[in-house]
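All remarks here apply to the structure that follows.
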Amino acid sequence: AQRVTQPEKLLSVFKGAPVELKCNYSYSGSPELFWYVQYSRQRLQLLLRHISRESIKGFTADLNKGETSFHLKKPFAQEEDSAMYYCAPTSGTYKYIFGTGTRLKVLA
Amino acid sequence: GAGVSQSPSNKVTEKGKDVELRCDPISGHTALYWYRQSLGQGLEFLIYFQGNSAPDKSGLPSDRFSAERTGGSVSTLTIQRTQQEDSAVYLCASSLDVNQPQHFGDGTRLSIL
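Now the structure itself:
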């Protein structure tokens, strides 16, 4: 079965520290890869997608096909980054599989 | 422009009652998804609609759950004979097409007494 694994349910880092949110998927082929974020009292929203190769709010995500990983990274965490993050690989057949999410807490 | 709209935002009902949750997707989005988000859990896929194709109902947890999408736009998720374990936030999302980013509504918080 196709699976998405976000191994950390909770990740706490200090402000200014680097952060890496892990995501591993078990897919054949080349899925489209997304990260979604849900800030407190806001709706779930797209953070970034792999194909855009962009940096959003200082976050980047690198696809490693060999390791089937799509980790989300930011060199210097900010308090406003505290949120719930979901990894979502999407392919033609698997359009709606989300990881279980990682809650990021950035401590002052 | 308007985003995905869900109603009601909150619903409290007694065990055994039927409930209907509504989702109004972004205009022009052909794909529509329903998810369930329970406390401390991730997103659980329920059902997916794509254009005029038959919906993918593989995520519906029991035959008490059903959904329809009329005219390729508004969707209704119905839960019959509600149980306490149905208490959760029900999220709807839409996207332009498959493999495109999903746009989420605020969800309906369902509480079964």
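These protein sequence lines are chains A and B, in that order. Take the first sequence: its position 104, counting from 1, is numbered 92 in our numbering, and each next residue is one higher. If you want our numbering, it's the position in the second sequence, counting the first as 1, plus 74. Ideal Cβ positions, reconstructed from N, Cα and C, are used throughout, including at glycine.
message = Looking only at its chain, what residues have a beta carbon closer than 6 Å to the beta carbon of M72/A, apart from the 5 residues adjacent to it on each side?
response = To locate residue 72/A, count along the first sequence from 1; it is residue 84. Hits under 6 Å: Q26, G89 and R91.
task = Quick one: which residues of the segment 157 to 174 of chain B get their C-beta closer than 9 Å to a C-beta of chain A? List them in chain order.
result = Near chain A, meaning a CB-to-CB distance below 9 Å, the residues of the segment 157 to 174 of chain B are L165, A167, S169, V172, N173 and Q174.
query = Does DSSP put E142/B in a helix, in a strand, or in coil?
reply = Taking the second sequence and counting its residues from 1, one reaches residue 142/B at position 68. Strand, per DSSP.
Spatial distance of L184/B from R110/B (CA atoms) = Within the second sequence, numbered from 1, the residue matching residue 184/B stands at position 110. Within the second sequence, numbered from 1, the residue matching residue 110/B stands at position 36. Roughly 10 Å between the two C-alpha positions.
request  = Check whether the Cβ atoms of D98/B and S83/B sit closer than 9 Å, and answer yes or no.
outcome  = In the second sequence, residue 98/B corresponds to position 24, counting from 1. In the second sequence, residue 83/B corresponds to position 9, counting from 1. With contacts defined by Cβ atoms closer than 9 Å, D98/B and S83/B do not form a contacting pair.
task = Consider the Cβ of D137/B: report whether some Cβ of chain A lies at a distance smaller than 9 Å.
result = Numbered from 1 along the second sequence, position 63 holds the residue referred to as residue 137/B. The beta carbon of D137/B does not come within 9 Å of any beta carbon belonging to chain A, so the residue lies off that interface.
key: Exposed unless 16 or more other CB atoms sit within 10 angstroms - verdict on T193/B   = Residue 193/B lies beyond the stretch modelled for chain B, which goes from 75 to 187, so this question has no answer here.
query = Using the beta-carbon count (16 or more within 10 Å), is D92/B buried or exposed?
reply = Locating residue 92/B in the second sequence gives position 18, counting from the first residue. By the 10 Å Cβ count, D92/B comes out exposed.
query = Identify the residues that DSSP records as bridge partners of K61/A: which are they?
reply = Position 73 of the first sequence, counting from 1, holds the residue named residue 61/A. K61/A pairs with E8/A and T48/A.
ask   = Hey, A162/B and L106/B: beta-carbon distance below 9 Å or not?
value = As a first step, residue 162/B must be located in the second sequence, where it is residue number 88. As a first step, residue 106/B must be located in the second sequence, where it is residue number 32. No.
inquiry  = Against chain B, with Cβ distances strictly below 9 Å, would Q66/A count as a contact?
reply    = In the first sequence, residue 66/A corresponds to position 78, counting from 1. Taking Cβ atoms only, chain B never reaches closer than 9 Å to Q66/A, which makes this a no.
key: Contact check, K62/A vs P6/A, beta carbons under 9 Å   = Sequence index remark: in the first sequence, residue 62/A carries index 74 (1-based). Sequence index remark: in the first sequence, residue 6/A carries index 18 (1-based). Yes, they are a contact pair.
query = In this structure, does DSSP put A160/B in helix, strand or coil?
reply = Residue mapping note: residue 160/B aligns to position 86 of the second sequence, counting from 1. Note on residue identity: the sequence assigns Asp, not Ala, to residue 160/B. D160/B: helix per DSSP, three-state reduction.
query = Would you call the CB atoms of I121/B and L151/B closer than 9 Å?
reply = Position 47 of the second sequence, counted from the start, is the residue given in the question as residue 121/B. Position 77 of the second sequence, counted from the start, is the residue given in the question as residue 151/B. For the pair I121/B and L151/B, the CB atoms are nearer than the 9 Å cut-off.
query = DSSP three-state call for I39/A: helix, strand or coil?
reply = Reading the first sequence from its first residue, position 51 is the one you call residue 39/A. The answer is helix: DSSP assigns I39/A an H, G or I state.
message = Just verifying my parser: in three-state terms, what is the DSSP assignment at D98/B?
response = The residue you call residue 98/B lines up with position 24 of the second sequence. If DSSP states are grouped into helix, strand and coil, D98/B belongs with the strands.
query = Where does E67/A fall in DSSP's three states?
reply = Residue numbering aside, residue 67/A sits at position 79 when the first sequence is read from its first letter. Note: E67/A maps to helix in three-state DSSP.
task = Just confirm the distance between the C-beta atoms of F123/B and R143/B, as a whole number of angstroms; I'd bet it's less than 8 Å.
result = Counting from 1 along the second sequence, the entry for residue 123/B is found at position 49. Counting from 1 along the second sequence, the entry for residue 143/B is found at position 69. F123/B to R143/B, Cβ: 4 Å. Contact.
request  = Consider the Cβ of D180/B: report whether some Cβ of chain A lies at a distance smaller than 9 Å.
outcome  = Against the second sequence, residue 180/B aligns to sequence position 106. Yes, because at least one Cβ of chain A sits closer than 9 Å to the Cβ of D180/B.
message = 9 Å is my cut-off, CB to CB: does A71/A come that close to chain B?
response = Translated into positions along the first sequence, residue 71/A becomes position 83. A71/A is outside the set of residues whose beta carbon lies under 9 Å from a beta carbon in chain B.
task = Determine whether the Cβ of Q115/B lies closer than 9 Å to any Cβ atom of chain A.
result = Here residue 115/B is taken as the residue at index 41 of the second sequence, counted from 1. Yes, its Cβ sits closer than 9 Å to a Cβ of chain A.
ask   = Can you name the residues of chain B whose CB is closer than 7 Å to the CB of F86/A?
value = Counted from its first residue, the first sequence places residue 86/A at position 98. Within 7 Å Cβ-Cβ: G116 and L117.
task = State buried or exposed for I39/A, treating a residue as buried only when at least 16 other CB atoms are found within 10 Å of its CB.
result = Looking up residue 39/A in the first sequence gives position 51. Flag for I39/A reads exposed.
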